[in-house]
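Visitor:
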Amino acid sequence: MHQQGAPHEFGLELDARAAYDWLTSKKGTGVATTLAHSLSKAGTPPHALILQAAFTSVGKVLFEYRLFETFPPFWLYSKLGVNEETVISRFRQKFNSLSRIADVKCPILIVVGSNDFEIPPIHSKQLFFAALGKDPLALTDNIEKEAGIQVRQVQHEATVYTQSSSSLVQLVILLDANHNNCEFQI
Numbered sequence: 040m041h042q043q044g045a046p047h048e049f050g051l052e053l054d055a056r057a058a059y060d061w062l063t064s065k066k067g068t069g070v071a072t073t074l075a076h077s078l079s080k081a082g083t084p085p086h087a088l089i090l091q092a093a094f095t096s097v098g099k100v101l102f103e104y105r106l107f108e109t110f111p112p113f114w115l116y117s118k119l120g121v122n123e124e125t126v127i128s129r130f131r132q133k134f135n136s137l138s139r140i141a142d143v144k145c146p147i148l149i150v151v152g153s154n155d156f157e158i159p160p161i162h163s164k165q166l167f168f169a170a171l172g173k174d175p176l177a178l179t180d181n182i183e184k185e186a187g188i189q190v191r192q193v194q195h196e197a198t199v200y201t202q203s204s205s206s207l208v209q210l211v212i213l214l215d216a217n218h219n220n221c222e223f224q225i
């Protein structure tokens, strides 16, 4: 019910609670990274950024997506000779986390399932590299061999990657997890 007049304490509390609930619920990795980037640039970074099953950009994940783990819906574009970058350049909303994450100035935790076929783990690995200030496109298949990367195994559960000189950015690859079962508790 809408009432005219001055705001009152209870109404302000309800509004603040609604805003808080919205901000602290899952927004998706593209929105979360964009917001953390913007806040960091403004000098008020968030306390932390947690990305679960993250993608580098909407365009990249669309072209790498596989229906039923095998069929790429956008295969027709390549058969017709249409360049992937041409299609992506026409997107209005790119949610390009890869270009923003290096400027995020807070601890970052990236979590992905090793068997995620919806958003391949390479996206999370590239975001991890970019957050460390490394060239994500120079990432090799064997992340364990990269200079300055520390690897820790959590037996039968996960592999945790950090930079030797800093633990502000972590990548956790959950073993035998996929896109829909890589929940975690903090």
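Residue numbers (the working numbering): 40 to 225.
Think of the CB as a built atom: it goes at the ideal place given N, C-alpha and C, for glycine as much as any other residue.
Just so it is clear, the structure is predicted and the values come from calculations on it, not from any experiment.
#1: Can you give me the C-alpha to C-alpha distance between S163 and F49, rounded to a whole angstrom?
#2: Tell me the DSSP secondary structure of G120 in three-state form.
#3: By a C-beta neighbour count over all protein chains shown, 10 Å radius and 16 as the cutoff for buried, is A75 buried or exposed?
#4: Which word fits P46, buried or exposed, when buried means at least 16 other C-beta atoms lie within 10 angstroms of its C-beta?
#5: Going by CA-CA distance only, name the one from N219, K99, A58 and I89 that's closest to I161.
#6: Look at T83 and S136 and say whether their C-beta atoms are less than 7 Å apart.
#7: Whose CA, out of F156, N122 and I212, lies closest to the CA of E103?
#8: Rounded to the nearest angstrom, what separates N122 and L101 at their Cα positions?
Guide: Looking at the coordinates:
#1: Translated into the one-based positions of the sequence shown, residue 163 becomes position 124. Translated into the one-based positions of the sequence shown, residue 49 becomes position 10. Taking the straight line from one Cα to the other gives about 42 Å.
#2: Counting from 1 along the sequence shown, the entry for residue 120 is found at position 81. Reduced to three states, the DSSP call for G120 is coil.
#3: The residue given as residue 75 occupies position 36 in the sequence shown. A75 comes out buried.
#4: In the sequence shown, residue 46 corresponds to position 7, counting from 1. P46 is exposed by the Cβ-count criterion.
#5: On the sequence shown, position 122 is the one that residue 161 refers to. I161 has its Cα closest to that of K99, out of N219, K99, A58 and I89.
#6: Taking the sequence shown and counting its residues from 1, one reaches residue 83 at position 44. Taking the sequence shown and counting its residues from 1, one reaches residue 136 at position 97. No. Outside cutoff.
#7: Working through the sequence shown from its first residue, we reach residue 103 at position 64. If we check each option's Cα against that of E103, F156 comes out closest.
#8: Here residue 122 refers to the residue found at position 83 when the sequence shown is read from its first residue. Here residue 101 refers to the residue found at position 62 when the sequence shown is read from its first residue. C-alpha separation (whole angstroms): 14 Å.
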